[in-house]
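K.L.:
In order, the protein sequences belong to chains L and S.
In terms of our numbering, the first sequence opens at residue 1 and continues consecutively.
In terms of our numbering, the second sequence opens at residue 309 and continues consecutively.
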Amino acid sequence: MMGGTEMPKEVVRRFRSFMARENQVAYLFILPFVLGFLIFSILPMLYVFLISFMDYNTLKSLSHVKFAGMDNYIRMFNDPIALGAFVRSFIYTLIYVPGLIVFSFFIALLLNKTFPMRGLSRTMILSPYVANVIAIAIVWSIILDPYDGPVNSALRAIGIDPPFWLGGANTSLMTIAFINIWLSLAFQTIVFLAALQGVSRDLYEAADLDGASKWNKMVKITLPVISPTTFFLVVTSIIGSFQNYASVRMLTNGGPGVSSRVISLNIFEEAFTYNRFSYASAQAVILFLIILVVTIIQWKGQKRWVHY
Amino acid sequence: MGSLLAFKRPIFGLAMLLFGVLMITPFIFMLSFSLKPTSEVFIHPLQLIPQKLYLVNFERLFAHEYYFNWYRNSIVVVFLTILLRSFFVTMAAYAFARLHFKGKNIMFLLLISTMMIPPDTTIVARFLLYKYMHLVNTHWVIILPAIFDVFFIFLLRQFFTGIPKELSESALIDGCSHFKIYYRIILPLAVPALVTMALFTFIWSWNDFVNPFIFISSIQKQLVTVGLEYFQKEAGRDYAMQMAGACFIVIAPIAMFALSQRFFIQGIVMTGIKG
Chain L
1 MMGGTEMPKE
11 VVRRFRSFMA
21 RENQVAYLFI
31 LPFVLGFLIF
41 SILPMLYVFL
51 ISFMDYNTLK
61 SLSHVKFAGM
71 DNYIRMFNDP
81 IALGAFVRSF
91 IYTLIYVPGL
101 IVFSFFIALL
111 LNKTFPMRGL
121 SRTMILSPYV
131 ANVIAIAIVW
141 SIILDPYDGP
151 VNSALRAIGI
161 DPPFWLGGAN
171 TSLMTIAFIN
181 IWLSLAFQTI
191 VFLAALQGVS
201 RDLYEAADLD
211 GASKWNKMVK
221 ITLPVISPTT
231 FFLVVTSIIG
241 SFQNYASVRM
251 LTNGGPGVSS
261 RVISLNIFEE
271 AFTYNRFSYA
281 SAQAVILFLI
291 ILVVTIIQWK
301 GQKRWVHY
Chain S
309 MGSLLAFKRP
319 IFGLAMLLFG
329 VLMITPFIFM
339 LSFSLKPTSE
349 VFIHPLQLIP
359 QKLYLVNFER
369 LFAHEYYFNW
379 YRNSIVVVFL
389 TILLRSFFVT
399 MAAYAFARLH
409 FKGKNIMFLL
419 LISTMMIPPD
429 TTIVARFLLY
439 KYMHLVNTHW
449 VIILPAIFDV
459 FFIFLLRQFF
469 TGIPKELSES
479 ALIDGCSHFK
489 IYYRIILPLA
499 VPALVTMALF
509 TFIWSWNDFV
519 NPFIFISSIQ
529 KQLVTVGLEY
539 FQKEAGRDYA
549 MQMAGACFIV
559 IAPIAMFALS
569 QRFFIQGIVM
579 TGIKG
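#1: Quick one: what's got a C-beta closer than 7 Å to V349 (chain S)'s C-beta in the same chain, skipping five residues either side?
#2: So, is I494 (chain S) buried or exposed, given that buried needs 16 or more other C-beta atoms within 10 angstroms?
#3: Taking the alpha-carbon positions, what's the L120 (chain L) to A186 (chain L) distance?
#4: Nearest by alpha-carbon distance to M505 (chain S): which of S:G411, S:L361, S:I390, S:A552 is it?
#5: Whose C-beta lies closer than 8 Å to the C-beta of Q197 (chain L) among residues of the same chain, with five residues either side of it excluded?
#6: According to a CB-to-CB cut-off of less than 8 Å, which residues of the stretch 415-433 of chain S neighbour chain L?
#7: Given that a residue counts as buried once 16 or more other Cβ atoms are within 10 Å of its Cβ, and exposed if not, what is D210 (chain L)?
#8: Quick check: is any heavy atom of the ligand MN less than 8 Å from the C-beta of F37 (chain L)?
#9: My understanding is that I136 (chain L) touches L183 (chain L), with C-beta atoms under 8 Å, so please give their C-beta distance in whole angstroms.
#10: Beta-carbon within less than 8 Å of L502 (chain S)'s beta-carbon, same chain only, minus the 5 sequence neighbours each way: which residues are those?
#11: Could you list the residues in the stretch 537-551 of chain S with a C-beta less than 8 Å from some C-beta on chain L, going in chain order?
#12: In the DSSP assignment, find the unbroken alpha helix (DSSP H) run with G310 (chain L) in it and report its ends.
#13: For the stretch 214-221 of chain L against the stretch 400-408 of chain S, do three or more pairs of beta-carbon atoms, one drawn from each stretch, fall closer than 8 Å, so that the two count as touching?
#14: Would you please verify whether the beta carbon of Q298 (chain L) is less than 9 Å from any beta carbon of chain S?
#15: CA-CA distance, N275 (chain L) and H408 (chain S)?
#16: Is it right to say D516 (chain S) is buried, meaning 16 or more other beta carbons lie within 10 angstroms of its own, or is it exposed?
#17: At what residues does the alpha helix (DSSP H) containing L443 (chain S) begin and finish?
#18: Reducing DSSP to helix, strand and coil, say where F67 (chain L) ends up.
#19: For D428 (chain S), which option in L:T295, L:W299, L:S241, L:I297 has the closest C-alpha, if you only look at C-alpha atoms?
#20: Among S:F320, S:T346, S:I573, S:I336, which residue has its Cα nearest to the Cα of D148 (chain L)?
#21: Residues of chain S with a CB under 9 Å from the CB of F187 (chain L): which are they?
#22: Pairs of beta-carbons, one from the stretch 90-97 of chain L and one from the stretch 232-241 of chain L, closer than 8 Å: are there three or more?
#23: Taking C-beta to C-beta, are I176 (chain L) and V248 (chain L) nearer than 9 Å?
#24: Would you mind telling me which residues of chain L sit closer than 7 Å to Q569 (chain S), beta carbon to beta carbon, in chain order?
#25: Under the assumption that S52 (chain L) contacts S264 (chain L) (Cβ atoms under 8 Å), give the Cβ distance between them as a whole number of angstroms.
#26: Whose C-beta lies closer than 8 Å to the C-beta of F435 (chain S) among residues of the same chain, with five residues either side of it excluded?
#27: Would you mind stating whether K66 (chain L) and M54 (chain L) have Cβ atoms separated by less than 9 Å?
#28: Roughly how many angstroms separate the alpha carbons of D482 (chain S) and G575 (chain S), rounded to a whole number?
#29: To the nearest angstrom, how far is it from the Cα of G321 (chain S) to the Cα of R118 (chain L)?
#30: Closer than 7 Å between beta carbons: that is the criterion. Which residues of the stretch 482-500 of chain S meet it against chain L?
#31: If you follow the alpha helix (DSSP H) that W165 (chain L) is in, where does it begin and where does it stop?
#32: Assuming N365 (chain S) and H447 (chain S) form a contact by the criterion Cβ under 8 Å, report the distance between their Cβ atoms to the nearest whole angstrom.
#33: Should H442 (chain S) be flagged as near chain L, meaning a C-beta pair shorter than 9 Å?
#34: The stretch 35-63 of chain L: which residues have C-beta closer than 7 Å to a C-beta of chain A, in chain order?
#35: For M54 (chain L), list the residues DSSP reports as bridge partners.
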C-alpha cells in the first residue's frame, strides 16, 4: 500500500491539472471553428441590427452613413408593399407547412410498408430533393405554361378550363408552395420514416389483442409516439418556409402584379435593386423577430400535444 | 388472409412505382424536351419519347463560351468547401463530443440556436461585410463562410458521441495526445460520417443560388446555378435549349444521390430524430 494522506492530495492535484489540460486542448480544438463562425455568422447577425438603425439607403461611402433611429421601422409600417409582402409570406407558410407535413407523413406511412421494388420507388420519390432550384423552375414553368404547356393542353383536351398556375394572381402563391413541397419533402419523409420505424411493435400487438381498429392505432399510438418528431419538423419547416427567395424569384419574380411578392423577395429587391440596405435590414430584423415569436409560441404550446 | 396479402402486395408495389414515376415526371420532361427541337416542345398531344434523337441542343451547349467554365468553377468551389469544412468541423465536433471543458453546453446551445435564423435575413449584412473584406467577386466569398456551418457540427457530434469511449480512454492512458486520438482513432472511424458530410456539401453547394447570385458579379466566375439562370435568359424562347442546360446541371447531384442514398438517409435521420 502507498503512504496515507499524501496519495489523495496527489491524485486530486494530478486530476485537476489533467482537467485543466483537457480544457486547454478543447479550446484549441474549437477555436478555429468558433473564430470563423464569429466572423462569418455572428458578425453579420449583429451587423444587420446595426444597419437597420442607419440611413444607408443609397450607394454612398460608409463614412457618410448616419444614425437614423427608428426611421426605417416607422417607414416600413407605412409601406403597403412591405406589409403586403409580410402577409403574403404568412399565407405562403400556411399553405406550405401543413401541405409539406401531411404529404410527407403520408408518403412515409406508405414507404414504411414492405412491397416489391421498394428501393426503386423510394429513390424516385426522394430524388427531387437533390435537384437544382433553377433547373426546377425552368422545367415547371414550361410544364405549367398557361397556354401551351402539357398540363393545360391536357386539361383543355378533357374539357376543363385550366387555371393559369404561376401566371394567375390567385394561383401563383399556391403553385409556388406546391412546387416547393414537391422539391423538399424528402427531408421530412425520411425523418418521419425513421420515427415510424422506431415505434415499438409491442404497442401495436397489445392494441391488436384489444381489437383496436387501424384508425385507433394511428390516433392512439402512432401519432402520440412520433409527436416529438412532428414537433421538430413543424418548427424547422416554418423557419424554412421563409427561406424561399431563389424559388420565388425564378418562378414568378413576385408576379403577376405583386401576387407572389413574399418578404424574402422584398428584402432582396430593396437591398440589391434599390440599394436601400438599411431599409431592407429593418425588414429582415422584423422577419427574424416574427420567426422568433412563432418559435417561442410553439415551444410553449408543445406541452399540449407533444409526448416525450 | 395470408394469400390475400401476398396477392395485394404486388399491386401496392406497382402503385408506389407509378407514384415514384409521377414524382420524377419533371425530370422526364426535362430529358425528353432537351432531345427535341424547340418547335416540337409544345406539340399536342404530348410525345415524351422523341421520334428521332435530336442532339443539336447539346452540341450548342457544349460549344457555349461559359458553360464549362461554370462547371469547373463549381467543382473547384465544392471540392475546396468539402476539404476545408472537413477539417474545421471535425475538430470542433470532436471537442464537443469527447472533451470536457468549461462552457461547453452553453456554447453548443448557442451555436445550435443560430440555425433558427434563415440565412436570407442576414444577406444584406453579409454582402456589405464581405465587400468591406474584399471578398466579393472571388470564389472565397462562397467557400469561406460555407466552412463554418453549424449543421455539420451537430451531425458530426452525434456521430462522434456514438464511438465507444473505451477506445480513446485506453489511448489516453498510453499517453496519446488528444490530437493523435482525433486523427488516428476518431477520424478513421468517422469515414461514413465524413462521406455523409461530403455528400450534403456537394448537393447544397452545387444547388446554391442566392450566395453566388449576390456575391459574384462577373459571369465567367459564376457557378453552375447562376450560370444556368444566365443561360436561360440567353436562350430566350428556345425552351429545348433551356432544358438541355438544366439537364446537364441536374444530372450530377441526382447521380450522386442514387449512388450514395444510404449515407444521405443516414445523415438526415441522425440530425432529425434527436432534434
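In this text, a Cβ means the ideal position worked out from N, Cα and C, and glycines have one as well.
Small disclaimer: the values here were computed from a predicted structure and weren't measured.
P.N.:
Let me spell this out:
#1: Indexing the second sequence from 1 puts residue 349 (chain S) at position 41. Same-chain partners within the cutoff: F341, Y547, A548.
#2: The residue given as residue 494 (chain S) occupies position 186 in the second sequence. I494 (chain S) should be labelled buried.
#3: In the first sequence, counting from the first residue as 1, residue 120 (chain L) sits at position 120. In the first sequence, counting from the first residue as 1, residue 186 (chain L) sits at position 186. Near 14 Å, if we compare the C-alpha coordinates of A186 (chain L) and L120 (chain L).
#4: In the second sequence, the residue the question calls residue 505 (chain S) occupies position 197. Minimum Cα distance to M505 (chain S) is reached at S:I390.
#5: Residue 197 (chain L) sits at position 197 when you count from the first residue of the first sequence. Once the five neighbours on either side are set aside, the close Cβ partners of Q197 (chain L) are N112.
#6: M415, L419, T422, M424, I425, P426, P427, D428, T429, T430, I431, V432, A433
#7: Numbered from its first residue, the first sequence carries residue 210 (chain L) at position 210. So D210 (chain L) counts as exposed.
#8: Looking at this structure, you won't find the ligand MN or any other ligand, since it has none at all.
#9: Position 136 of the first sequence, counting from 1, holds the residue named residue 136 (chain L). Position 183 of the first sequence, counting from 1, holds the residue named residue 183 (chain L). Contact flag correct, Cβ pair sits at about 6 Å.
#10: On the second sequence, residue 502 (chain S) is found 194 positions in, with the first residue counted as 1. Result list for L502 (chain S): S394, T398, L495, in chain order.
#11: Of all residues in the stretch 537-551 of chain S, E537, Q540, Y547, Q550, M551 have a Cβ within less than 8 Å of some Cβ in chain L.
#12: No answer is possible for residue 310 (chain L): the residues shown for chain L start at 1 and end at 308.
#13: no
#14: Residue numbering aside, residue 298 (chain L) sits at position 298 when the first sequence is read from its first letter. Output row for Q298 (chain L): interface = no.
#15: The residue given as residue 275 (chain L) occupies position 275 in the first sequence. The residue given as residue 408 (chain S) occupies position 100 in the second sequence. Answer to the nearest angstrom: the Cα atoms are 47 Å apart.
#16: Taking the first residue of the second sequence as position 1, residue 516 (chain S) is located at position 208. It is buried - the Cβ of D516 (chain S) has at least 16 other Cβ atoms within 10 Å.
#17: Numbered from 1 along the second sequence, position 135 holds the residue referred to as residue 443 (chain S). Note, L443 (chain S): premise wrong, no alpha helix (DSSP H); not H, not E.
#18: On the first sequence, residue 67 (chain L) is found 67 positions in, with the first residue counted as 1. F67 (chain L) falls in the strand class under three-state DSSP.
#19: Translated into positions along the second sequence, residue 428 (chain S) becomes position 120. That would be L:S241, whose Cα lies nearest to the Cα of D428 (chain S).
#20: Sequence index remark: in the first sequence, residue 148 (chain L) carries index 148 (1-based). That would be S:T346, whose Cα lies nearest to the Cα of D148 (chain L).
#21: Here residue 187 (chain L) refers to the residue found at position 187 when the first sequence is read from its first residue. Per Cβ cutoff of 9 Å: I576, G580.
#22: yes
#23: Sequence index remark: in the first sequence, residue 176 (chain L) carries index 176 (1-based). Sequence index remark: in the first sequence, residue 248 (chain L) carries index 248 (1-based). Yes, they are a contact pair.
#24: If you number the second sequence from 1, residue 569 (chain S) lands on position 261. Result: T123.
#25: As a working note, residue 52 (chain L) is residue 52 in the first sequence. As a working note, residue 264 (chain L) is residue 264 in the first sequence. Not really, about 16 Å apart at Cβ, beyond 8 Å.
#26: The count along the second sequence starts at 1 and reaches residue 435 (chain S) at position 127. So the qualifying residues of the chain are V444, I522, F523.
#27: Numbered from 1 along the first sequence, position 66 holds the residue referred to as residue 66 (chain L). Numbered from 1 along the first sequence, position 54 holds the residue referred to as residue 54 (chain L). Result yes, Cβ atoms of K66 (chain L) and M54 (chain L) sit closer than 9 Å.
#28: Counting from 1 along the second sequence, the entry for residue 482 (chain S) is found at position 174. Counting from 1 along the second sequence, the entry for residue 575 (chain S) is found at position 267. Going by the C-alpha atoms only, they are around 33 Å apart.
#29: By 1-based counting over the second sequence, the position of residue 321 (chain S) is 13. By 1-based counting over the first sequence, the position of residue 118 (chain L) is 118. C-alpha separation (whole angstroms): 7 Å.
#30: H486
#31: Position 165 of the first sequence, counted from the start, is the residue given in the question as residue 165 (chain L). Boundaries for W165 (chain L): no alpha helix (DSSP H) harbours it, and the DSSP string shows neither H nor E there.
#32: On the second sequence, residue 365 (chain S) is found 57 positions in, with the first residue counted as 1. On the second sequence, residue 447 (chain S) is found 139 positions in, with the first residue counted as 1. That pair is no contact at about 29 Å.
#33: Position 134 of the second sequence, counted from the start, is the residue given in the question as residue 442 (chain S). Not closer than 9 Å to any Cβ of chain L, the Cβ of H442 (chain S) fails to qualify, so no.
#34: The displayed structure is made up of protein chains L and S, and chain A is not among them.
#35: Locating residue 54 (chain L) in the first sequence gives position 54, counting from the first residue. Paired residue(s): L:F67.
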